[in-house]
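Visitor: Yeah, the sequence shown ends on 220 if you go by my numbering, and it's all consecutive.
Every residue, glycine too, gets a C-beta built ideally from N, C-alpha and C.
Structure in structure tokens, see below.
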Amino acid sequence: MIGDVYNKYVLDLGCGCGEFTKKVALKRAFTVGIDGSEKMISYASKENAGSAAMYAIMDITKPLPIKSRSMDIVIANMVLMDIPDIEICISEVARVLRIDGIFLLSITHPAFFCSDWAHEDTNPRGYKVVRDYLHEKCEPVSFWGETLHYHRPLSSYFNAFEKSGMCVLSLKEPFQILRRILRTHHFSLILGFHHLLY
Ligand SMILES: C[S@@+](CC[C@H](N)C(=O)[O-])C[C@H]1O[C@@H](n2cnc3c(N)ncnc32)[C@H](O)[C@@H]1O
């Protein structure tokens, strides 16, 4: 989805161990990965020492020490549902992006991630029961250790994009991925392109 990034300035929000940042840097973009976790940034810096990517510790729920209109692309892969407040983060993305910049992100699908499975004799494979979708809430999750998951309906994301001056270029709910993930891992994801409109 990211396309040609040659010579572009790319910021990877919540880059974790920097895998994605490194891949983008290999496509010869000027790439910076930022994360709030000192351990993640230390790991990313050591593991990817040979790559052109740079890494820094930053809290993405606070104003970022990054120049306005300096980035062509901002990425946030599986990050926004992990932070308690998206408004500052999204308005900061709009600020650091150039006028024709793109924000590319993925999140767990809010309709399904927090919903429980139900099974019936007539439908042994089961289905997800969607309840309380419209209410924002925070739940602990434990995949690779305890973290918090912040559930928001899609409208909360779209309202924050709209408020920041961005508009949606594309929203994807990849059928193959959804089908496979819903069967096995109990969650799904959405991907979207967001483009600045001033
Ligand atoms: C699910 S991981 C995704 C990592 C990476 N984007 C990837 O695709 O592998 C979420 C990341 O967001 C980071 N994160 C959570 N809250 C943050 C915050 N307030 N500021 C910066 N990073 C944060 C975590 O440390 C973690 O590395």
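What's the gap between the Cα of residue 173 and the Cα of residue 106?
Guide: To locate residue 173, count along the sequence shown from 1; it is residue 151. To locate residue 106, count along the sequence shown from 1; it is residue 84. Each residue's alpha carbon lies about 9 Å from the other.
Visitor: Could you tell me which of 76, 45, 114, 48 sits nearest to residue 56, measuring between CA atoms?
Guide: Sequence index remark: in the sequence shown, residue 56 carries index 34 (1-based). Answer by Cα proximity: 76.
Visitor: Between which two residues does the alpha helix (DSSP H) harbouring residue 111 extend?
Guide: Reading the sequence shown from its first residue, position 89 is the one you call residue 111. Element bounds for residue 111: 109 to 118.
Visitor: Starting from the Cα of residue 37, find the closest Cα among 23, 131, 50, 61 and give me that residue.
Guide: In the sequence shown, counting from the first residue as 1, residue 37 sits at position 15. Residue 61 is the option with its Cα nearest to residue 37.
Visitor: Is the segment 151 to 159 close to the segment 131 to 138, with three or more CB pairs under 8 Å?
Guide: yes
Visitor: Any chance you could list the residues with Cβ under 6 Å from a heavy atom of ligand 1, keeping chain order?
Guide: 36, 37, 38, 41, 42, 57, 58, 59, 62, 81, 82, 83, 99, 100, 101, 104, 105
Visitor: Taking the beta strand (DSSP E) that residue 78 belongs to, which residues open and close that run?
Guide: Indexing the sequence shown from 1 puts residue 78 at position 56. Residues 76 to 79.
Visitor: Would you identify the three-state DSSP class for residue 158, choosing helix, strand or coil?
Guide: For the purposes of this step, residue 158 is taken as residue 136 along the sequence shown, with counting starting at 1. Three-state DSSP puts residue 158 in coil, outside helix and strand.
Visitor: With distances taken Cα to Cα, identify the nearest neighbour of residue 161 among 132, 176, 188, 181.
Guide: For this step, residue 161 is matched to residue 139 along the sequence shown. When each option's Cα is compared against that of residue 161, the closest is 132.
Visitor: What residue does the alpha helix (DSSP H) around residue 145 start on, and which one ends it?
Guide: Residue mapping note: residue 145 aligns to position 123 of the sequence shown, counting from 1. Where residue 145 is concerned, there is no enclosing alpha helix (DSSP H), although the beta strand (DSSP E) it sits in stretches over 145 to 151.
Visitor: Would you kindly work out how many angstroms separate the C-alpha atoms of residue 193 and residue 81, rounded to a whole number?
Guide: Walking along the sequence shown from the start, residue 193 turns up at place 171. Walking along the sequence shown from the start, residue 81 turns up at place 59. Roughly 26 Å separates the two Cα atoms.
Visitor: Determine whether the beta carbon atoms of residue 46 and residue 24 lie at a separation below 9 Å.
Guide: Numbered from 1 along the sequence shown, position 24 holds the residue referred to as residue 46. Numbered from 1 along the sequence shown, position 2 holds the residue referred to as residue 24. Taking C-beta atoms as the reference points, residue 46 and residue 24 count as a pair closer than 9 Å.
Visitor: Just to confirm my understanding: we take residue 52, look at its own chain, exclude 5 residues before and 5 after, and list those with CB closer than 8 Å. What are they?
Guide: Translated into the one-based positions of the sequence shown, residue 52 becomes position 30. Same-chain partners within the cutoff: 29, 30, 31, 32, 74.
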